[in-house]
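In the working numbering, the protein residues as written are 5 to 320.
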C-alpha cells in the first residue's frame, strides 16, 4: 500500500512540474495560426479595396479636340495611327473662277469714231469691220434663202453713243406693229450685258442685261421709227432718244442706229467689255403681226441666257 501511494505521489508531481514548465515557454502569448495562409503584399494589393479621396475622380484618358484660335495652337495633334491615313478634303470655293474666255460664242470689236457717222442709212463712211449675222436661231422653216433673210453689221462708239449699222437682205419689208409688239415685224434686236465681269457665269437675265428692239419704220421704211426696251422689265418702255435712219433698195434694208450710253447706264472707256448679240427679226406676213424667224450674230443665242451671247470690246 505504501508503494502504491508513493507511485501516485510521484505521478502527480511529474504533472505539476510539466505544467509549471509549460507556462514559462517562449511564445506562449502568440495568436493561433489560421488554417488559411495570409496573402503576401503583392496579392494583397490585387485584392485590396481602393477608397477614393473626396472630390477626386478616377482619371480618364483625355479626348483631344482640335480648336483653332487666331495665332495660337495650344493642343498637340494626336499621333497618326499606322493603319489609317487622313484624306484631305477638296478645297471648296464659293466665288466662280474666271474663265479664259468669258464669252466663247465669239468676240466683236467696236472702233472709236472720231467723227460721228452721218445717220442716213448706208454705212459708206464706216471703216469698221463688218460682221455676219447668219445664224438662224428661230423659225428656220420660214427662211427660204439668202434673199429672204441674211445680214451683216458694224459697231462703233464715241463718248455719247453706241453706233450700230446693219445691212439686211430681205425680199419683203413688213413692219405693221408698234410699241411693245415691234419685234413681231421686221426689226433689229440688241442684247447687251453692261456688267459682264460682275456676273460672267450667270445664265439668267438680271438688272444689268438689256434687250432693245429697233423698228426701221412702221408701215414702210419711211414710217415712224421706234425703239422699245424690253429688259430690264422694271424700266421697260419706248426709248425716244435713240436715233434711227434707214433706206430700202433692191431687197436690202440699210439701217444706222445711235444709242445714247445713258440708255444703257454706261460710261464708255476703251478696253471695256460687254456681253453682246445682234439679231434680225423677220415677218413676211402682211396680214398679221408675228415673229416668223430670227437670225443672229451668235450661233446658239438664247435671249434669256446671257452666257450664250458673244463679247463686244470697245477699242480706241
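Where is the CB? At the ideal position from N, CA and C, for every residue including glycine.
Bear in mind that the values here come from a model prediction, so they are computed numbers and not experimental data.
Length of the line joining the Cα atoms of residue i and residue j
{"i": "residue 280", "j": "residue 290", "result": "31 angstroms"}
{"i": "residue 154", "j": "residue 137", "result": "7 angstroms"}
{"i": "residue 227", "j": "residue 120", "result": "24 angstroms"}
{"i": "residue 272", "j": "residue 265", "result": "7 angstroms"}
{"i": "residue 167", "j": "residue 123", "result": "10 angstroms"}
{"i": "residue 222", "j": "residue 180", "result": "5 angstroms"}
{"i": "residue 254", "j": "residue 296", "result": "22 angstroms"}
{"i": "residue 156", "j": "residue 258", "result": "10 angstroms"}
{"i": "residue 241", "j": "residue 234", "result": "7 angstroms"}
{"i": "residue 217", "j": "residue 183", "result": "10 angstroms"}
{"i": "residue 191", "j": "residue 245", "result": "18 angstroms"}
{"i": "residue 284", "j": "residue 270", "result": "24 angstroms"}
{"i": "residue 160", "j": "residue 250", "result": "17 angstroms"}
{"i": "residue 105", "j": "residue 299", "result": "24 angstroms"}
{"i": "residue 3", "j": "residue 128", "result": "The shown model of the chain, from 5 to 320, leaves out residue 3, and the question about it has no answer."}
{"i": "residue 286", "j": "residue 169", "result": "17 angstroms"}
{"i": "residue 203", "j": "residue 276", "result": "15 angstroms"}
{"i": "residue 193", "j": "residue 220", "result": "11 angstroms"}
{"i": "residue 96", "j": "residue 206", "result": "With a pLDDT of 37 at residue 96, under the threshold of 50, the modelled position of this residue cannot be trusted; read the value that follows with caution. Distance between the alpha carbons of residue 96 and residue 206: 19 angstroms."}
{"i": "residue 139", "j": "residue 174", "result": "15 angstroms"}
Helix, strand or coil at residue i according to DSSP, with G and I counted as helix
{"i": "residue 265", "result": "helix"}
{"i": "residue 119", "result": "coil"}
{"i": "residue 141", "result": "strand"}
{"i": "residue 307", "result": "coil"}
{"i": "residue 312", "result": "helix"}
{"i": "residue 225", "result": "coil"}
{"i": "residue 360", "result": "No information on residue 360 is available, as it lies outside the stretch 5 to 320 that the chain covers here."}
{"i": "residue 188", "result": "helix"}
{"i": "residue 285", "result": "strand"}
{"i": "residue 213", "result": "strand"}
{"i": "residue 183", "result": "helix"}
Terminal residues of the beta strand (DSSP E) in which residue i lies
{"i": "residue 124", "result": "That residue, residue 124, is in no beta strand (DSSP E); it is neither H nor E in DSSP."}
{"i": "residue 170", "result": "165-173"}
{"i": "residue 179", "result": "Unbroken run through residue 179: none, as it is neither H nor E."}
{"i": "residue 159", "result": "154-161"}
{"i": "residue 231", "result": "230-235"}
{"i": "residue 298", "result": "297-300"}
Contacts around residue i, its chain only, beta-carbon distance under 8 angstroms, and the 5 residues preceding and following it disregarded
{"i": "residue 308", "result": "208 and 209"}
{"i": "residue 268", "result": "166, 196, 198 and 214"}
{"i": "residue 293", "result": "180, 181, 185, 188, 189 and 287"}
{"i": "residue 225", "result": "177, 250, 251, 252 and 257"}
Proximal residues to residue i (C-beta, below 7 angstroms), its chain only, five neighbours per side dropped
{"i": "residue 312", "result": "109, 302, 304, 305 and 306"}
{"i": "residue 176", "result": "288"}
{"i": "residue 107", "result": "279, 313, 314 and 315"}
{"i": "residue 162", "result": "116, 117 and 120"}
{"i": "residue 126", "result": "251 and 258"}
Contact set for residue i: own chain, Cβ-Cβ below 6 angstroms, skip 5 residues either direction
{"i": "residue 236", "result": "211"}
{"i": "residue 247", "result": "123 and 262"}
{"i": "residue 243", "result": "231, 233 and 267"}
{"i": "residue 310", "result": "197, 213 and 279"}
{"i": "residue 132", "result": "115, 158 and 160"}
Three or more C-beta pairs below 8 angstroms linking the stretch 106-118 and the stretch 302-318: yes
The stretch 194-203 / the stretch 143-150 touching (three or more Cβ pairs under 8 angstroms): no
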